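The sequence shown begins at 1 in the working numbering and counts up one residue at a time.
From the three backbone atoms N, C-alpha and C, an ideal C-beta is built for every residue, glycine too.
Note that the coordinates shown come from a computational prediction; the quantities given were computed from them, not determined experimentally.
Down below is the structure, laid out as structure tokens.
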Amino acid sequence: MFAIAAPLYGQAVDRYRADISAKRVAADLILAKTRARTASHSQSVTFDRSTGTYTLPGEVNPDHPNTTYSVNLTKAPYQASLAAVSFSGTSAITFNGYGVPDSAGSITVQAGSSQRTVAVAANSGEITIQ
Numbered sequence: 001m002f003a004i005a006a007p008l009y010g011q012a013v014d015r016y017r018a019d020i021s022a023k024r025v026a027a028d029l030i031l032a033k034t035r036a037r038t039a040s041h042s043q044s045v046t047f048d049r050s051t052g053t054y055t056l057p058g059e060v061n062p063d064h065p066n067t068t069y070s071v072n073l074t075k076a077p078y079q080a081s082l083a084a085v086s087f088s089g090t091s092a093i094t095f096n097g098y099g100v101p102d103s104a105g106s107i108t109v110q111a112g113s114s115q116r117t118v119a120v121a122a123n124s125g126e127i128t129i130q
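Quick look at the structure:
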């Protein structure tokens with residue numbers, strides 16, 4: 001019984017981690033878009049695939065007020081990686097003062113064999129998880 005259940009449990013955990021990682025990325029992209037629109041100035045999100053992190057330059061980390069807002073997806077509870085990041089050949093996206101992104105693109109997060117992709121539409125800035 002255990003031999004059958006263990007792989008299924010592992011796959012379920014990987015799916016959960018990929019889902020929560022994608023939801024966190026999407027939420028932070030929405031935060032950047034909203035901050036840009038509210039302050040009427042651009043806000044970027046910069047991704048680093050090699051470390052599995054992303055930052056919102058100029059945004060203060062609510063947990064550590066003296067540091068820049070940064071998320072490490074390789075740590076708990078996410079334990080995921082950035083499998084792919086593509087915004088017109090760069091690893092950053094910038095929302096202008098109207099909340100419109102400088103380009104369309106996507107971020108793919110991976111936990112084990114499970115992947116989820118967060119997509120950003122070019123003209124509307126709509127953020128979806130696929």
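Approximately 6 Å separates the beta-carbon atoms of Ser81 and Thr74; this is inside 8 Å, confirming the contact. Secondary structure of Leu31 (DSSP, three-state): helix. The Cβ-Cβ distance between Tyr54 and Asp63 does not fall below 8 Å. Gln115 is not a Cβ neighbour of Ala76, given a cutoff of 8 Å. An exposed status is given to Gln11, since fewer than 16 other beta-carbon atoms sit within 10 Å of its beta-carbon.
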